[in-house]
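Enquirer: Supplied in C-alpha coordinates, the structure appears directly below.
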Amino acid sequence: MKDSERNKLYTITAVLDSGLIYLCTKKNLHPIDKYWCYLTFFSHGLFYHALYKKNRFLLDQLHYWVFLLPVLSTFTKTIYPKIMSLFLIIVIQYLWIIEDKCILNEDNQIYLEVLNDNNINMQKGFTSSPLIMNYDELLVRRQN
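Our numbering puts the first residue of the sequence shown at 0, with every later residue one more than the last.
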(Lines of atoms letter the chains of each structure in order from A and count residues from 1; the text may use other names and numbers.)
(Lines give C-alpha, C1' and ligand atoms only; values in the text may rest on other atoms or scores of the structure.)
Protein backbone atom coordinates (compact mmCIF):
# COMPACT_ATOMS: atom_id res chain seq x y z
CA MET A 1 0.00 0.00 0.00
CA LYS A 2 1.31 3.40 -0.95
CA ASP A 3 1.83 6.09 1.68
CA SER A 4 -0.69 8.35 -0.08
CA GLU A 5 -3.33 5.62 0.16
CA ARG A 6 -2.48 5.00 3.80
CA ASN A 7 -2.84 8.73 4.51
CA LYS A 8 -6.26 8.79 2.83
CA LEU A 9 -7.34 5.88 5.03
CA TYR A 10 -6.07 7.66 8.16
CA THR A 11 -7.96 10.81 7.13
CA ILE A 12 -11.25 9.06 6.34
CA THR A 13 -11.11 7.12 9.61
CA ALA A 14 -10.27 10.27 11.59
CA VAL A 15 -13.24 12.11 10.04
CA LEU A 16 -15.52 9.21 10.97
CA ASP A 17 -14.04 9.10 14.48
CA SER A 18 -14.67 12.84 14.88
CA GLY A 19 -18.30 12.22 14.00
CA LEU A 20 -18.45 9.33 16.46
CA ILE A 21 -16.98 11.46 19.25
CA TYR A 22 -19.54 14.16 18.50
CA LEU A 23 -22.36 11.61 18.59
CA CYS A 24 -21.22 10.05 21.85
CA THR A 25 -20.75 13.38 23.63
CA LYS A 26 -23.48 15.64 22.20
CA LYS A 27 -26.39 13.41 21.22
CA ASN A 28 -28.73 11.38 23.36
CA LEU A 29 -28.19 7.94 21.85
CA HIS A 30 -30.16 4.76 22.36
CA PRO A 31 -28.06 1.97 23.96
CA ILE A 32 -28.01 0.06 20.65
CA ASP A 33 -26.55 3.14 18.96
CA LYS A 34 -23.92 3.43 21.68
CA TYR A 35 -22.93 -0.22 21.19
CA TRP A 36 -22.58 0.41 17.46
CA CYS A 37 -20.37 3.44 18.18
CA TYR A 38 -18.21 1.46 20.62
CA LEU A 39 -17.86 -1.40 18.15
CA THR A 40 -16.87 1.09 15.46
CA PHE A 41 -14.32 2.74 17.80
CA PHE A 42 -12.87 -0.68 18.62
CA SER A 43 -12.56 -1.63 14.96
CA HIS A 44 -11.01 1.74 14.16
CA GLY A 45 -8.45 1.28 16.94
CA LEU A 46 -7.45 -2.05 15.43
CA PHE A 47 -7.44 -0.42 11.99
CA TYR A 48 -5.09 2.39 13.07
CA HIS A 49 -2.78 -0.21 14.62
CA ALA A 50 -2.82 -2.41 11.50
CA LEU A 51 -2.15 0.56 9.21
CA TYR A 52 0.73 1.76 11.36
CA LYS A 53 2.30 -1.70 11.65
CA LYS A 54 1.47 -2.54 8.01
CA ASN A 55 -0.18 -5.73 9.24
CA ARG A 56 -1.71 -7.09 6.02
CA PHE A 57 -3.45 -10.02 7.73
CA LEU A 58 -5.28 -7.77 10.21
CA LEU A 59 -6.14 -5.25 7.47
CA ASP A 60 -7.66 -8.05 5.39
CA GLN A 61 -9.75 -9.21 8.37
CA LEU A 62 -10.90 -5.66 9.13
CA HIS A 63 -11.84 -5.19 5.49
CA TYR A 64 -15.00 -7.22 6.21
CA TRP A 65 -15.99 -4.71 8.90
CA VAL A 66 -16.18 -1.97 6.26
CA PHE A 67 -19.37 -3.64 5.04
CA LEU A 68 -20.55 -5.24 8.27
CA LEU A 69 -20.73 -2.01 10.30
CA PRO A 70 -22.95 -0.15 7.78
CA VAL A 71 -25.27 -3.15 7.64
CA LEU A 72 -25.40 -3.24 11.45
CA SER A 73 -26.16 0.49 11.51
CA THR A 74 -29.50 -0.24 9.87
CA PHE A 75 -30.58 -1.75 13.20
CA THR A 76 -29.70 1.33 15.24
CA LYS A 77 -32.52 3.49 16.57
CA THR A 78 -31.34 6.96 15.53
CA ILE A 79 -30.42 8.28 12.11
CA TYR A 80 -26.85 9.33 13.01
CA PRO A 81 -25.06 5.96 12.62
CA LYS A 82 -26.95 5.44 9.37
CA ILE A 83 -25.79 8.80 8.03
CA MET A 84 -22.19 8.04 8.99
CA SER A 85 -22.40 4.65 7.30
CA LEU A 86 -23.88 6.15 4.15
CA PHE A 87 -21.07 8.72 4.14
CA LEU A 88 -18.50 5.93 4.33
CA ILE A 89 -20.13 3.94 1.53
CA ILE A 90 -20.24 7.01 -0.72
CA VAL A 91 -16.58 7.80 0.01
CA ILE A 92 -15.62 4.21 -0.80
CA GLN A 93 -17.55 4.32 -4.06
CA TYR A 94 -15.94 7.64 -4.97
CA LEU A 95 -12.45 6.31 -4.23
CA TRP A 96 -13.11 3.18 -6.29
CA ILE A 97 -13.92 5.41 -9.26
CA ILE A 98 -11.02 7.83 -8.76
CA GLU A 99 -8.34 5.28 -7.81
CA ASP A 100 -9.66 2.47 -10.01
CA LYS A 101 -9.25 0.05 -7.07
CA CYS A 102 -9.90 -0.29 -3.37
CA ILE A 103 -7.13 1.68 -1.65
CA LEU A 104 -7.13 -0.78 1.25
CA ASN A 105 -5.91 -3.54 -1.06
CA GLU A 106 -2.41 -4.10 -2.34
CA ASP A 107 -2.04 -3.85 -6.09
CA ASN A 108 -1.32 -7.57 -6.40
CA GLN A 109 -3.53 -9.24 -3.83
CA ILE A 110 -4.18 -12.89 -4.66
CA TYR A 111 -7.93 -13.01 -4.11
CA LEU A 112 -8.45 -10.45 -6.87
CA GLU A 113 -6.66 -12.81 -9.25
CA VAL A 114 -8.85 -15.68 -8.05
CA LEU A 115 -11.97 -13.63 -8.77
CA ASN A 116 -10.68 -12.80 -12.24
CA ASP A 117 -9.69 -16.44 -12.89
CA ASN A 118 -13.24 -17.50 -12.03
CA ASN A 119 -14.67 -15.01 -14.55
CA ILE A 120 -16.17 -12.79 -11.89
CA ASN A 121 -16.56 -9.33 -13.38
CA MET A 122 -14.22 -6.95 -11.53
CA GLN A 123 -15.84 -3.58 -12.11
CA LYS A 124 -15.05 -0.43 -10.21
CA GLY A 125 -16.67 -0.70 -6.82
CA PHE A 126 -17.98 -4.19 -7.53
CA THR A 127 -18.85 -4.76 -3.87
CA SER A 128 -19.82 -1.29 -2.73
CA SER A 129 -22.13 -0.61 -5.71
CA PRO A 130 -24.73 -3.22 -4.74
CA LEU A 131 -24.37 -2.21 -1.09
CA ILE A 132 -25.00 1.48 -1.76
CA MET A 133 -27.92 0.65 -4.06
CA ASN A 134 -29.55 -1.46 -1.35
CA TYR A 135 -28.60 0.64 1.67
CA ASP A 136 -31.23 3.29 0.95
CA GLU A 137 -33.87 0.54 0.73
CA LEU A 138 -32.74 -0.83 4.09
CA LEU A 139 -32.96 2.65 5.60
CA VAL A 140 -36.48 3.22 4.32
CA ARG A 141 -37.67 -0.16 5.59
CA ARG A 142 -36.06 0.38 9.02
CA GLN A 143 -37.72 3.81 9.41
CA ASN A 144 -41.24 2.45 8.79
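Where a beta carbon is used, it is the ideal one built from N, C-alpha and C, also for glycine.
Please state the DSSP three-state secondary structure of D147.
Expert: Any question about residue 147 goes unanswered here, given that the chain covers just 0 to 143.
Enquirer: Can L45 and L71 be called in contact, C-beta distance under 9 angstroms?
Expert: no
Enquirer: Is it buried or exposed, T10, if we count other Cβ atoms within 10 angstroms and call 16 or more buried?
Expert: exposed
Enquirer: Along the alpha helix (DSSP H) that carries Y37, what are the first and last residues, could you check?
Expert: P30 to K52
Enquirer: Determine the direct distance from the alpha carbon of T77 to that of L50, and round the result to whole angstroms.
Expert: 31 angstroms
Enquirer: For D2, is the classification buried or exposed, using 16 other Cβ atoms within 10 angstroms of its Cβ as the cut-off for buried?
Expert: exposed
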